[in-house]
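Each position in the sequence shown, counted from 1, maps to that position plus 334 in my numbering. Here's the structure we're looking at; comments come further down.
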Amino acid sequence: MKHLIDIQNLTIEEIDELIEVARDIIKHKEKYAHKCDGKKIATLFFEPSTRTRLSFEAAMLELGGSVLGFSEAASSSSAKGESVSDTIRVVGAYSDIIAMRHPKEGAPLVASLKSIVPIINAGDGGHNHPTQTLTDLLTIKCEKGRLDNLTIGLCGDLMFGRTVHSLITAMIRYPNIKFVLISPKELMIPEYIKKDVLEKNKIEYCETTDIEEYIDKLDILYMTRVQKERFFNEDDYVRLKDYYILNKEKLKNAKEDLCIMHPLPRVNEISTDVDDDKRACYFKQAEYGKYIRMALILKMLGVK
Ligand code: CP
């Protein structure tokens, strides 16, 4: 695998292999401590991040490698007008692999066309976030014990939430997956996901604005933040930002083994009184992100 731009760059077999390696890393961390001695990852973040950037860096450090990069466009020469392609050509001379986040959809794909080292898309606009999807799949596998036969509720900003788009695209490849799409009317899932992904593949789904309507049917409830940075109009954001606030009361009819996920950062969409509920998996999910990124770095650098 040369680059990871879209979750569809990975076959289901490759995803399953990454998950198995990540689970082995969790069990036998010491075995992997020197796998990337002498290797460097560059993290080029043109947009803010906590989890993705730091988990990539922690992943490489735990593999024995080292890290370089920048955490905001303003501290790179893109602020002087340098193109993404030029930045990538240069950074390829300083590193063995690059993880890149950019607000423009397609920027990591453009970068990959010029890069001499593997590029990982660490999130591009409202489009795709494949390593979050790998994190989510590892979380589901570890917490539910399976990736098939699941009813998944996706709640919040389904229009701009790139993690949701990637997760749907990945999960439809497993048998008997159903979706409950919970969003305000203004933030419903894009038509192309409904037509080209769900309906084309005959995936069962329903849409609702009410988080409690199907909560008793869900195996997974995946909450998302309203994506302030993708709104054109501040008034719309203010009106919609607190549309869903998951709390203990709303969970009263949920299954005992529901898995509550959130890619984080959270704003108000999950009340902190849920954090101590045994079904809350979102902080574990952030930790799983480091292990799956370790597995991905090993795969992309061809380390056995
Ligand atoms: N989940 C996620 O992408 O978080 P960050 O924006 O903090 O990287």
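Built from N, CA and C at the ideal position, the CB exists for glycine as well.
Item	Value
Given this structure, state the Cα-to-Cα distance separating Leu488 from Pro524, to the nearest angstrom.	13 Å
Count the other CB atoms, across all protein chains shown, that sit within 10 Å of the CB of Pro382; report buried if there are 16 or more and exposed otherwise.	exposed
Anything with a beta carbon under 7 Å from a heavy atom of the ligand CP counts; list them all in chain order.	Pro382, Ser383, Thr384, Arg385, Thr386, Arg387, Gly457, His463, Gln466, Thr497, Pro597, Leu598 and Pro599
Looking only at its chain, what residues have a beta carbon closer than 6 Å to the beta carbon of Lys582, apart from the 5 residues adjacent to it on each side?	Asp607
Is any non-hydrogen atom of the ligand SAH found closer than 7 Å to the C-beta of Asp482, if you look at the structure I gave you?	In terms of ligand content, the structure shown lacks the ligand SAH and carries the ligand CP instead.
With a Cβ-Cβ cutoff of 8 Å, do Gly459 and Pro442 count as a contact?	no
Once the 5 residues before and after Glu546 are set aside, which same chain residues still bring their CB inside 8 Å of it?	Lys584 and Asn587
Using the C-alpha atoms, what's the distance from Leu472 back to Tyr366?	18 Å
If distances are taken between C-alpha atoms only, which option among Ile453, Ser500, Ser412 and Thr377 comes closest to Ser405?	Thr377
Using the C-alpha atoms, what's the distance from Leu574 back to Ile604?	15 Å
Are the beta-carbon atoms of Ile511 and Ile537 separated by less than 8 Å?	yes
Cβ atoms of Met434 and Ala408: under 8 Å apart, would you say?	no
Use the C-beta contact count for Ser411: other C-beta atoms within 10 angstroms, 16 or more gives buried, fewer gives exposed.	exposed
Figure out for me which residue from Tyr508, His463 and Val444 has the closest Cα to the Cα of Leu598.	His463
Buried or exposed: where does Phe617 fall if 16 or more other Cβ atoms within 10 Å of its Cβ makes it buried?	exposed
Which same chain residues end up closer than 7 Å to Ser500 when comparing Cβ atoms and leaving out the 5 residues on each side of it in sequence?	Ile341, Asn462, His463, Pro464, Gln466 and Thr467
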